[in-house]
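Please read the structure below before turning to the comments.
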Amino acid sequence: MINSKKFIHLFSTFTIIIALVHFVLETLYTYLFGQTWAGLLPDYIAVALMCISGLMVLKNIKAVGLLCGAWGFAFCLHYRSWAWRFDNFLSGTSTPLIDNTMYVLLYTMPISIIAFIISLIICYPNNNN
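According to our numbering, the sequence shown is numbered sequentially starting from 1175.
Right, dumping it as structure tokens:
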């Protein structure tokens, strides 16, 4: 089921939608609260990787490895974004904005974890001879 062409196309479409939501929310966050290009650039790289890989898989299902790489990058970025805010929280140096962002990242992290795991499963080679 998870390696079916229909599921992989659905997962690719999901990836593109999540990337567009990420783009909108990250841009809105930057506009409202300020963020340097150094902070924004990795998010835009993740969005580009997810959109490009999602579109490539829709055209050629053999490109699923790119989808896995995009989700791996997004998950790593998601975790690091949460972790530095959590470190500030533990040390008592955070602000309400940092705390709220940390909670949003925590509650949305299952999306990137599960999607990365799914992409790993999809990429696992079949031993069908």
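Where is the CB? At the ideal position from N, CA and C, for every residue including glycine. As the structure is a computational prediction, the values presented were derived from the model and not from experiment.
- Three-state secondary structure assigned by DSSP to P1299: Coil at P1299, not helix or strand.
- Task: Starting from the Cα of S1255, find the closest Cα among F1188, L1206 and V1278 and give me that residue.
- Result: Closest by alpha carbon: V1278.
- Query: Does the distance from the C-beta atom of A1244 to that of M1224 stay below 8 Å?
  - Reply: Contact: yes.
- Query: Excluding five sequence neighbours on each side, which residues of the same chain lie with their C-beta closer than 8 Å to the C-beta of I1272?
  - Reply: R1259, N1262 and F1263
- Which residue's Cα is closest to the Cα of S1227: C1250, I1191 and N1274? Measuring from the Cα of S1227, the nearest candidate turns out to be I1191.
- Proximity winner among G1239, C1250 and K1236, relative to P1216 (alpha-carbon distances): C1250
- Query: Between the C-alpha atoms of M1283 and A1289, what's the straight-line distance to the nearest angstrom?
  - Reply: 10 Å
- Measure the Cβ-Cβ separation of V1221 and S1186 and say whether it is below 8 Å. no
- Test item: CB-CB of I1295 and I1176 under 8 Å: yes
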